[in-house]
Amino acid sequence: MAPPSPLTVEEWRAFLDEHNTNIFESAYVRVAIEEGTPLMSPERWEAGWAGAQPASEEAIVAVEERLEVRLPPSYRNFLKVSNGWEYVGPVDLFPLESIGWFTDLDEGLIEAWAGPEYFEEYLAVLKRCVLIGQDDGGSGCWWLLHVDGAGEDGECTAYGWWAGSGEVPERYDDFAALVRREAKTFL
5 MAPPSPLTVE
15 EWRAFLDEHN
25 TNIFESAYVR
35 VAIEEGTPLM
45 SPERWEAGWA
55 GAQPASEEAI
65 VAVEERLEVR
75 LPPSYRNFLK
85 VSNGWEYVGP
95 VDLFPLESIG
105 WFTDLDEGLI
115 EAWAGPEYFE
125 EYLAVLKRCV
135 LIGQDDGGSG
145 CWWLLHVDGA
155 GEDGECTAYG
165 WWAGSGEVPE
175 RYDDFAALVR
185 REAKTFL
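First residue of the sequence shown? That's 5 in my numbering, and the numbers climb one at a time after it.
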């Protein structure tokens, strides 16, 4: 049985420390860097930390006010450990100042997917998602939080969407489940 997903600041710190070690010990990451296709910035590689400085509570609240929504607790606590992250699998999690409504940050993609009938049910969800991470290489992947779907615990569903694959977005129970799955898959 897999360990529970990280939710608290302490759990995120332990999870990210372990994930960071796995990244830096990964043959895949080392070969990519040696071949001149680094999967993270040279600054982060040299620092030995794929994360960033923690976000303050004030910075988190300011973004929540800008977006007019409360971010889920698991994501807020992640940000308090690292305000962004390079290489959770192929996806980079944005720093707070770069997150925003998916429709504002990538309106063209939503418009492009408005046609397929099988995709109609996802359009309403995607229009109310906050874009928190992206892989802009290959077919591209977007990580999204459906903030309108928050439960009593404040958590909301998360989606990983490889739009170029022609598939529908993959649903996760929450942000932590998405990160845990993708971190395990891509190392």
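Heads up, the beta-carbon is just placed ideally off N, CA and C, and yes, glycines get one too.
The structure presented is a predicted model; accordingly, all values stated were derived computationally and were not measured.
May I ask you to report which of helix, strand or coil DSSP gives residue i?
i	result
Leu130	helix
Thr12	coil
Ala187	helix
Ile27	helix
Trp89	strand
Val151	helix
Glu22	helix
Trp49	helix
Gly104	strand
Val95	strand
Gly40	coil
Leu75	coil
Gly119	coil
Gly144	coil
Met5	Any reading at Met5 must be qualified, since the residue scores a pLDDT of 46, below 50, and its modelled position is unreliable; no value is offered.
Taking the Cβ atom as the reference point for each residue, do residue i and residue j lie within a distance shorter than 8 Å?
i	j	result
Ala162	Asp178	yes
Leu149	Pro76	yes
Trp49	Ile37	yes
Val151	Cys145	no
Leu130	Ser78	no
Tyr126	Val73	no
Glu174	Gly158	no
Val13	Lys84	yes
Leu43	Tyr91	yes
Trp89	Gly112	no
Roughly how far, in whole angstroms, is the beta-carbon of residue i from the beta-carbon of residue j, given that I think they are within contact range, below 8 Å?
i	j	result
Ala59	Asn87	4 Å
Trp16	Phe106	About 24 Å; that fails the 8 Å criterion.
Ile27	Val33	6 Å
Ile103	Val65	That belief does not hold up - the Cβ atoms of Ile103 and Val65 are roughly 14 Å apart, past 8 Å.
Gly119	Glu186	That belief does not hold up - the Cβ atoms of Gly119 and Glu186 are roughly 28 Å apart, past 8 Å.
Ala181	Ser9	5 Å
How about residue i: is its Cβ closer than 7 Å to a heavy atom in the ligand MG?
i	result
Met44	You won't find the ligand MG in this model; it holds no ligand whatsoever.
**Q.** the stretch 93-112 / the stretch 126-146 touching (three or more Cβ pairs under 8 Å)
**A.** Contact between the stretch 93-112 and the stretch 126-146 is present, because at least three Cβ pairs lie under 8 Å.
Q.
As an exercise, report each continuous beta strand (DSSP E) stretch of at least 3 residues that is fully enclosed by the stretch 155-188, in chain order.
A. DSSP runs (the beta strand (DSSP E)) wholly in the stretch 155-188: 162-165, 174-176.
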